[in-house]
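Just so you know, the numbering used here puts 80 at position 77 of the sequence shown, and the rest follows in order with no gaps. Virtual Cβ for every residue (Gly too), placed ideally from N, Cα, C. Below is one structure; the comments refer to it alone.
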Amino acid sequence: KQFKIGGFTILPLEAKHDIHCLSFLIQHEDIGKLFFITDSYYCLYKFNGLNHILIEANYSEKILERNNINETIKERLLKSHFSLENAKKFVKANDNPKLKNIVLLHLSDSNSNAKEFKGVMEELTHKRVEIADKGLEIELNK
């Protein structure tokens with residue numbers, strides 16, 4: 004159910020994870036529309052006019068195969084976290100002229116490559132892409 008905090012309108016939405024998780028569509032007159040999703044492997048929703056996307060890119064299918072991890076852990080990852088490939092599909096489906104920022108979240112220490120992920124997403128969208136890390140600050144204007 005949608006709710007308000009100050010000037011923010013927040014709509015919690017179901018995320019696909021192995022436990023109950025939520026994603027959030029957040030709107031404010033100064034920042035426009037922001038979508039936040041992590042701890043999910045897929046997003047059921049498509050949005051019009053997003054200004055900012057904060058999305059998990061936990062692993063790359065290529066790196067996951069190369070690392071040859073335990074099958075049980077691999078199966079859990081596939082059913083609980085966004086791959087770079089799924090993040091790309093979501094961002095592409097929601098790309099629009101108003102989109103300004105893409106922030107990649109929750110990258111795995113062993114199954115991701117921040118520099119590569121950033122470059123791939125920049126090449127796909129030609130938008131500003133950042134990797135979430137301690138101390139990162141971003142201006143969220145429309």
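What does residue i pair with, by DSSP beta-bridge criteria?
i: residue 73; result: In DSSP, residue 73 forms no bridge with anything.
i: residue 104; result: 55 and 131
i: residue 22; result: The partner list for residue 22 (beta bridge, DSSP) is empty, contrary to what the question assumes.
i: residue 1; result: This structure cannot settle anything about residue 1, because the visible part of the chain is limited to 4 through 145.
i: residue 158; result: The chain is shown only over 4 to 145; residue 158 falls outside these bounds and no answer can be derived.
Taking the beta strand (DSSP E) that residue i falls in, what are its first and last residues?
i: residue 127; result: It is not in any beta strand (DSSP E) - residue 127 instead sits in the alpha helix (DSSP H) that spans 117–128.
i: residue 133; result: 131–134
i: residue 7; result: 6–8
i: residue 36; result: 35–40
Considering residue i, what are the terminal residues of the alpha helix (DSSP H) in which it resides?
i: residue 14; result: No alpha helix (DSSP H) holds residue 14; the beta strand (DSSP E) holding it covers 11–18.
i: residue 96; result: 87–96
State the Cα-Cα distance for the pair residue i and residue j, rounded to the nearest angstrom.
i: residue 92; j: residue 46; result: 10 Å
i: residue 65; j: residue 11; result: 39 Å
i: residue 16; j: residue 61; result: 20 Å
i: residue 29; j: residue 126; result: 26 Å
i: residue 106; j: residue 81; result: 21 Å
Taking the alpha carbon of residue i as the reference point, which residue from the options has its own alpha carbon closest?
i: residue 34; options: 70, 103 and 127; result: 103
i: residue 56; options: 26, 4 and 88; result: 26
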